[in-house]
Structures are given as structure tokens and as C-alpha cells.
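Colleague: Have a look at this one.
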Amino acid sequence: MLRTSPFVWFALLIILLLPTAAGRILIDLAGGLMLVFLAIPLLVSGIGWVGWRLIQSRMVQCEVCGVSSLKSSSQCPLCGADFPIENQRSSSKGNSEPASSATVDIVAEDAGLDD
Numbered sequence: 216m217l218r219t220s221p222f223v224w225f226a227l228l229i230i231l232l233l234p235t236a237a238g239r240i241l242i243d244l245a246g247g248l249m250l251v252f253l254a255i256p257l258l259v260s261g262i263g264w265v266g267w268r269l270i271q272s273r274m275v276q277c278e279v280c281g282v283s284s285l286k287s288s289s290q291c292p293l294c295g296a297d298f299p300i301e302n303q304r305s306s307s308k309g310n311s312e313p314a315s316s317a318t319v320d321i322v323a324e325d326a327g328l329d330d
């Protein structure tokens, strides 16, 4: 059985504890690796959450059988019932107002808080 000598462990401990360039490099390397190992799961979970929310926004539920499917299909894949056509962009174009008429003009007035 190959056993590491105590001298190697002592030398590694001295390198880490002494404020030398080698000790700083090892500490910086360990800190960087720890940061990467902590950041990767956070990034993957964030990307997964965004993907899940994107998929949920593109799903529609059948009113007849209750199965969920993508909005791109016009019929339910399980029961064959037609999905209601909900094209919000075309319906909002028909009765839309110009943005200038929906803008609220604000006039500044003195509050009269003089002492």
C-alpha cells in the first residue's frame, strides 16, 4: 500500500499557510474552482427555470378532456376536440388606440410647503 509521507503533507501545509506566491496561487485556484462548482448548478437551474416557463407559456389545456398540449396544434391530440382560437394580437389590433391618446399629461404644480 502506497502511503504519502508526512513530509509531503507538512510541505503542502506550509505552502498554503505562508504568504508566498505558490501559496497564493493554490488558494486562488481552490477559490476559483469552488466558485465554478457553485455557479454551474445555479446557471443550469436558472436556464431550466426559464425553459420551463417558456414551455408553460406555449401550452393550452383542452376544455373537453383536460390534456395539455402546445398552442401550435389546432386539435386536442387525445380527444380530437378543436381548441378555441385565441389570437390576441389580431383581436387587439381591431380595437387598439394610438399611444398618444392613452398618454397621461402631467402638469407640475407648486405644493405650497413654504415655511
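With this note's numbering applied, the sequence shown corresponds to residues 216 to 330, in that order.
Built from N, CA and C at the ideal position, the CB exists for glycine as well.
It should be emphasised that the depicted structure is a prediction, and the values quoted were computed from it without experimental measurement.
#1: Can you grab the Cα-Cα spacing for the pair F252 / L217, in whole Å?
#2: Could you check what DSSP says for L257 in three-state terms: helix, strand or coil?
#3: Return the chain-ordered list of same chain residues with a C-beta closer than 6 Å to the C-beta of L228, the five sequence neighbours on each side being excluded.
#4: Going by DSSP, what residue range makes up the alpha helix (DSSP H) through S283?
#5: Do you know how far the Cα of E278 is from the Cα of A296?
#6: Quick one: Cα of S283 to Cα of F298, how far?
#7: How is D243 classed by DSSP in three states: helix, strand or coil?
Modeller: Taking the structure as given:
#1: Using only the alpha carbons, I get a separation of about 30 Å.
#2: helix
#3: none
#4: Premise fails: S283 lies in the beta strand (DSSP E), 283 to 285, not in any alpha helix (DSSP H).
#5: 8 Å
#6: 11 Å
#7: helix
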